[in-house]
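Before any comments, here is the structure.
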Ligand code: G3I
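This is how it looks when you write it as structure tokens:
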């Protein structure tokens, strides 16, 4: 049956957030984040390698525990993010020339400890994040350079042992309409399955652009390309940036874009949840990475809502 298990918002540990323009915004922010508006959350940073294993074999869950504890206290679904990613790696991983044998052990130790720490708490883990180039070939990450495809199956094998109840996801961006990259992600699902291992879902990050967004039908086709393989799909990091300053016109395009992508998920059986990648514009990663773009979330700096909020409500209620 089509329908969502959750609609959520990712959030960062307070000390890691980009500084908001005025201090009382933290209280207003927390009120929205934890007051029942959202049924799910994901820590945007705290469970990444940089924070969880800053030195080899020295595990630190201080940052990761902040958001995961709040999720538990507030009875929210928790998505856990991310075990193996080429970005926000600890410097010691990047600065060493690993032999295949050494790197296998590094991966196994990391996943065993981090997924083990949160065993039973995560609805899903992003086991592997952003392993593909835009043309569907594998990204030449240090993991791929040393181990080839084997690092992928090793990651899923280890995660399944460390947390048998978490759904194991592959997570990437630009998977929201059919392309060579969506075919690459389908190959990853088959690779893991063919090795006799478990992979349960594909996360469509959905970092979209208001002025050039896919159609509803394109989103539906992309999602079905995964669900027909028997894995579930979630929109895991949804935000839709626009050229700033925002105008009535591009906010309307943004509303339509949010409505399309959430509506596609609602309509396809097997698309089980939506996570927006923070809800508050000042805490969004977008302006730092795409100068001149922003206003990608659903709440403006003054805590008024974007028109896109209503677009999402319409999508969720099939209007
Ligand atoms: O750790 C420092 C902290 O000490 C300091 O106080 C703070 C001041 O701004 O900066 C902190 O580092 C920042 C870190 O986030 C933690 O907040 C980095 O500068 C910043 O570059 C980093 O950005 C994160 C980005 O991943 C890194 O690539 C974003 O917050 C996070 O939203 C973003 O999320 C990724 C997903 O994990 C994967 N998909 C793409 C998505 C967007 O890039």
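Numbering (mature numbering (1 follows the signal peptide of the UniProt record, and there is no 0)), first residue to last: 18 to 336.
Yeah, the Cβ is synthetic: ideal placement off N, Cα and C, and Gly gets one too.
Being a predicted model, the structure only gives us computed values, none of them experimental.
Open item on the list: Tell me the residue span of the beta strand (DSSP E) that contains residue 224.
Closed with: In the chain shown, residue 224 corresponds to position 207, counting from 1. DSSP places residue 224 inside the beta strand (DSSP E), whose first and last residues are 224-226.
TODO: On the DSSP bridge assignment, give the partners of residue 280 in chain order.
DONE: Looking up residue 280 in the chain shown gives position 263. Answer is none; residue 280 lacks a bridge partner.
TODO: Using a Cβ-Cβ cut-off of 8 Å, state whether residue 169 counts as contacting chain B.
DONE: The structure shown contains no chain B; it holds only a single protein chain.
TODO: Enumerate in chain order the residues of its own chain whose CB-to-CB distance from residue 288 is below 8 Å, with the five nearest sequence positions on each side excluded.
DONE: Translated into the one-based positions of the chain shown, residue 288 becomes position 271. Answer for residue 288: 19, 21, 240, 244, 249, 250, 251, 252, 281 and 282, listed in chain order.
TODO: Would you be able to state if there are at least three C-beta pairs under 8 Å between the region 176-189 and the region 85-94?
DONE: no
Open item on the list: Between residue 27 and residue 316, how many whole angstroms is the CB-CB distance? I'm expecting something under 8 Å.
Closed with: Counting from 1 along the chain shown, the entry for residue 27 is found at position 10. Counting from 1 along the chain shown, the entry for residue 316 is found at position 299. About 14 Å separates the two Cβ atoms, so there is no contact after all.
TODO: Measure the Cβ-Cβ separation of residue 153 and residue 207 and say whether it is below 8 Å.
DONE: To locate residue 153, count along the chain shown from 1; it is residue 136. To locate residue 207, count along the chain shown from 1; it is residue 190. Contact flag unset, no.
Open item on the list: Does the distance between the C-beta of residue 222 and the nearest non-hydrogen atom of ligand 1 fall short of 7 Å?
Closed with: Taking the chain shown and counting its residues from 1, one reaches residue 222 at position 205. Yes, since a heavy atom of ligand 1 falls inside the 7 Å radius drawn around the Cβ of residue 222.
Task: residue 172, buried or exposed, once every other Cβ within 10 Å from all chains shown has been counted against 16 - done: Stepping through the chain shown from its first residue, residue 172 is reached at position 155. That one is buried.
Task: Distance between residue 296 and residue 25 (C-alpha atoms, nearest Å) - done: Taking the first residue of the chain shown as position 1, residue 25 is located at position 8. Taking the first residue of the chain shown as position 1, residue 296 is located at position 279. Cα-Cα distance, rounded: 9 Å.
Open item on the list: If I measure Cβ to Cβ from residue 304 and keep anything under 6 Å in the same chain, skipping five residues before and after, which residues do I get?
Closed with: Here residue 304 corresponds to residue number 287 of the chain shown, with the count starting at 1. Only 311 meet the Cβ criterion.
- [ ] For the beta strand (DSSP E) containing residue 258, list its first residue and its last residue.
- [x] Numbered from its first residue, the chain shown carries residue 258 at position 241. Per DSSP, the continuous beta strand (DSSP E) segment holding residue 258 begins and ends at 249-260.
Open item on the list: Given a cut-off of 8 Å on the beta-carbon distance, is the pair residue 175 and residue 124 in contact?
Closed with: For the purposes of this step, residue 175 is taken as the residue at position 158 of the chain shown. For the purposes of this step, residue 124 is taken as the residue at position 107 of the chain shown. Result yes, Cβ atoms of residue 175 and residue 124 sit closer than 8 Å.
Open item on the list: Do residue 156 and residue 167 have their beta-carbon atoms positioned less than 8 Å apart in this structure?
Closed with: Counting from 1 along the chain shown, the entry for residue 167 is found at position 150. Counting from 1 along the chain shown, the entry for residue 156 is found at position 139. No. Outside cutoff.
TODO: Just the C-alpha distance for residue 202 and residue 231, rounded to the nearest angstrom, thanks.
DONE: Here the question's residue 202 lines up with position 185 in the chain shown. Here the question's residue 231 lines up with position 214 in the chain shown. Cα to Cα, the separation comes out at about 19 Å.
Open item on the list: Below 7 Å, is the gap between the Cβ of residue 105 and the nearest heavy atom of ligand 1?
Closed with: Here the question's residue 105 lines up with position 88 in the chain shown. Result yes, Cβ under 7 Å from ligand 1.
Task: Nearest neighbour of residue 185, chosen from 307, 100, 273 and 63 [CA to CA] - done: As a position in the chain shown, residue 185 is number 168, starting the count at 1. Comparing Cα-Cα distances from residue 185 to each of 307, 100, 273 and 63, the minimum goes to 100.
Task: Complete runs of the alpha helix (DSSP H) confined to the region 280-333 [at least 4 residues] - done: Counting only runs of 4 or more, we get 303-306 and 324-333.
TODO: Would you mind stating whether residue 149 and residue 189 have Cβ atoms separated by less than 8 Å?
DONE: For the purposes of this step, residue 149 is identified with residue 132 of the chain shown, where counting begins at 1. For the purposes of this step, residue 189 is identified with residue 172 of the chain shown, where counting begins at 1. Taking 8 Å as the Cβ cut-off, residue 149 and residue 189 qualify as a contacting pair.
Task: Residue span of the beta strand (DSSP E) that contains residue 336, given as start and end - done: Taking the chain shown and counting its residues from 1, one reaches residue 336 at position 319. Premise fails: residue 336 is in no beta strand (DSSP E) and is neither H nor E.
Task: Top-ranked residue by Cα proximity to residue 121, from 159, 85 and 86 - done: For this step, residue 121 is matched to residue 104 along the chain shown. The option with the nearest alpha carbon to residue 121 is 159.
Open item on the list: For residue 291 and residue 183, I'd like the C-alpha separation in whole angstroms.
Closed with: Within the chain shown, residue 291 is the residue found at index 274, counting from 1. Within the chain shown, residue 183 is the residue found at index 166, counting from 1. Going from the Cα of residue 291 to the Cα of residue 183 covers about 17 Å.
Task: Per-residue burial, residue 118 [other beta carbons within 10 Å of its own, 16 or more giving buried] - done: Within the chain shown, numbered from 1, the residue matching residue 118 stands at position 101. Result: exposed.
Open item on the list: Closer than 7 Å to a non-hydrogen atom of ligand 1 - does that hold for the CB of residue 3?
Closed with: Here the chain has residues from 18 to 336 only, and residue 3 is not among them.
Open item on the list: Please state whether the Cβ-Cβ distance between residue 224 and residue 278 is less than 8 Å.
Closed with: Position 207 of the chain shown, counted from the start, is the residue given in the question as residue 224. Position 261 of the chain shown, counted from the start, is the residue given in the question as residue 278. Going by C-beta atoms, residue 224 is not nearer than 8 Å to residue 278.
- [ ] Identify the continuous beta strand (DSSP E) that holds residue 214 and give its terminal residues.
- [x] Residue 214 sits at position 197 when you count from the first residue of the chain shown. Run containing residue 214: none; DSSP gives neither H nor E here.
- [ ] Report whether the distance from the Cβ of residue 61 to the nearest heavy atom of ligand 1 is below 7 Å.
- [x] For the purposes of this step, residue 61 is taken as the residue at position 44 of the chain shown. Yes; taking the cut-off as 7 Å, the Cβ of residue 61 has a heavy atom of ligand 1 nearer than that.
Open item on the list: Is it buried or exposed, residue 194, if we count other Cβ atoms within 10 angstroms and call 16 or more buried?
Closed with: Counting from 1 along the chain shown, the entry for residue 194 is found at position 177. Buried is the call here.
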